[in-house]
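Chemist:
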Amino acid sequence: MKGQAIAYRLESFEGPLDLLLHLISKNKVSVYDIPIAQILEQYLEHIRRMRELDMDVASEFIAMAAQLMYIKSKMLLPARQEEEAQPDPRAPLVEALLEYQRFKRAGELLQQREELGRDLYAKPPESREASQVQYAYTAQALGRAVQNILERYDRKAPPPAGLFRGVAGADPAPVSAKIGRIVGLLADCRQIRFESLVLESRSRSEIVSVFLAVLELLKIRKIALLDRQGEYLITLAGDGDGIDGTK
64 MKGQAIAYRL ESFEGPLDLL LHLISKNKVS VYDIPIAQIL EQYLEHIRRM RELDMDVASE
124 FIAMAAQLMY IKSKMLLPAR QEEEAQPDPR APLVEALLEY QRFKRAGELL QQREELGRDL
184 YAKPPESREA SQVQYAYTAQ ALGRAVQNIL ERYDRKAPPP AGLFRGVAGA DPAPVSAKIG
244 RIVGLLADCR QIRFESLVLE SRSRSEIVSV FLAVLELLKI RKIALLDRQG EYLITLAGDG
304 DGIDGTK
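My numbering puts the first residue of the sequence shown at 64, with every later residue one more than the last.
This is how it looks when you write it as structure tokens:
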């Protein structure tokens, strides 16, 4: 509308180096070959707009404008023959811009990591008192237990022929039934002997089912296995004496 003042919207900059990097990126020029005259003109335009909007112009912005003017004047002066090897007057500014750029990228990376981990919560480690009890959970340990039981109660005489009746070609004893049996026994008493489960089995197939049932219950941490001088006791995980199925 005619007579209405033009409203400028300025981006916020953290400092003069931030503004310079913005102008360099906007003009698509190299930070190593800054067109000082062009960048200085746009830099002063930003300061002028800040003043028109009654914004406080920090002294560091004014100081940078003076430095740019000094660099421009140095570049406009004809070089003397003995000064031809003098360094580029833009070199200190380029070094400051590169260092600021590195810190800015590092800050952006840290901010991204902060946003990524803001909604993540880590569970603190649980304290556990050292225990002298040794636990056995592997299939090899259970296999040794079964072998010890069989050797202890096995007679040197050949086993009766009826012991193998129905094993060949018969359906194996269901592991699920043995799992239910073990859980039911533990519901009635605090501990059961692994040996008793093996000895009550009527066939080798049932012994295998007991073995697999105990392994499965250990795997899902339903039970814990305690080794007391070669005697294996089964208890519910997390029972009163601290047996929880973990080493």
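No residue lacks a Cβ here, since even glycine has one placed at the ideal position from N, Cα and C. Quick caveat: nothing in here was measured; it's all calculated off a predicted structure.
Going by Cα to Cα distance, which pick from E171, F166, L80 and L116 is closest to A126?
Modeler: Position 63 of the sequence shown, counted from the start, is the residue given in the question as residue 126. The candidate whose alpha carbon is nearest that of A126 is L80.
Chemist: Pick from G301, V271 and L172: whose alpha carbon is nearest that of S239?
Modeler: Translated into the one-based positions of the sequence shown, residue 239 becomes position 176. Closest option to S239, Cα to Cα, is V271.
Chemist: Under three-state DSSP, which class holds R256?
Modeler: In the sequence shown, the residue the question calls residue 256 occupies position 193. The answer is strand: DSSP assigns R256 an E or B state.
Chemist: Kindly indicate which three-state DSSP category Y95 falls into: helix, strand or coil?
Modeler: Locating residue 95 in the sequence shown gives position 32, counting from the first residue. Here Y95 sits in coil by DSSP.
Chemist: Just reading off the alpha helix (DSSP H) that R267 is part of, what are its end residues?
Modeler: The count along the sequence shown starts at 1 and reaches residue 267 at position 204. Note, R267: alpha helix (DSSP H), R267 to K282.
Chemist: Near I212, which residues of its chain fall below 6 Å by C-beta distance, leaving aside the five closest residues on each side in sequence?
Modeler: As a first step, residue 212 must be located in the sequence shown, where it is residue number 149. Taken in chain order, the residues that qualify are E258 and V261.
Chemist: What are the boundary residues of the beta strand (DSSP E) that Y295 is part of?
Modeler: If you number the sequence shown from 1, residue 295 lands on position 232. Element bounds for Y295: E294 to L299.
Chemist: Between which residues of its own chain and E269 is the CB-CB distance below 7 Å, once the five residues before and five after are set aside?
Modeler: For the purposes of this step, residue 269 is taken as residue 206 along the sequence shown, with counting starting at 1. For E269, where only same-chain residues beyond five positions count, the Cβ hits under 7 Å are A236.
Chemist: Suppose contacts are defined by Cβ-Cβ distances below 8 Å. Is I297 in contact with I245 by that definition?
Modeler: One-based indexing of the sequence shown puts residue 297 at position 234. One-based indexing of the sequence shown puts residue 245 at position 182. Yes, Cβ-Cβ distance for I297 and I245 is below 8 Å.
Chemist: Considering only DSSP beta bridges, list what R291 is partnered with.
Modeler: Translated into the one-based positions of the sequence shown, residue 291 becomes position 228. E294.
Chemist: Suppose only complete runs of 4+ residues qualify. What are the alpha helix (DSSP H) ranges in the region 136-185, listed by chain order?
Modeler: You should have 154-180.
Chemist: Mark A129 as exposed unless 16 or more other C-beta atoms lie within 10 angstroms of its C-beta, in which case mark it buried.
Modeler: Start at 1 with the first residue of the sequence shown, and residue 129 comes out as number 66. Exposed, since its Cβ has fewer than 16 Cβ neighbours within 10 Å.
Chemist: Starting from the C-beta of I87, find all residues in its chain whose C-beta is less than 6 Å away, skip the five residues before and the five after it, and write them out in chain order.
Modeler: Working through the sequence shown from its first residue, we reach residue 87 at position 24. For I87, where only same-chain residues beyond five positions count, the Cβ hits under 6 Å are V94.
Chemist: What residues are listed by DSSP as bridge partners for I245?
Modeler: Walking along the sequence shown from the start, residue 245 turns up at place 182. I245 pairs with nothing; no bridge assigned.
Chemist: Going straight from the alpha carbon of E108 to that of A100, what length do you get?
Modeler: To locate residue 108, count along the sequence shown from 1; it is residue 45. To locate residue 100, count along the sequence shown from 1; it is residue 37. Cα-Cα distance, rounded: 12 Å.
Chemist: Between K89 and chain D, is the shortest Cβ-Cβ distance under 8 Å, so that the two count as touching?
Modeler: No chain D appears in this structure, which consists of one protein chain only.
Chemist: Measuring CA to CA, which of L161, R253, E294 and E158 is closest to R207?
Modeler: Looking up residue 207 in the sequence shown gives position 144. Among L161, R253, E294 and E158, the Cα nearest to that of R207 belongs to E294.
Chemist: Please report how far the alpha carbon of Q105 lies from the alpha carbon of K186, in whole angstroms.
Modeler: Residue 105 sits at position 42 when you count from the first residue of the sequence shown. Residue 186 sits at position 123 when you count from the first residue of the sequence shown. Straight-line Cα distance between these residues: approximately 53 Å.
Chemist: So, using beta-carbon positions, are K241 and A276 closer together than 8 Å?
Modeler: In the sequence shown, the residue the question calls residue 241 occupies position 178. In the sequence shown, the residue the question calls residue 276 occupies position 213. A contact, by the Cβ cut-off of 8 Å.
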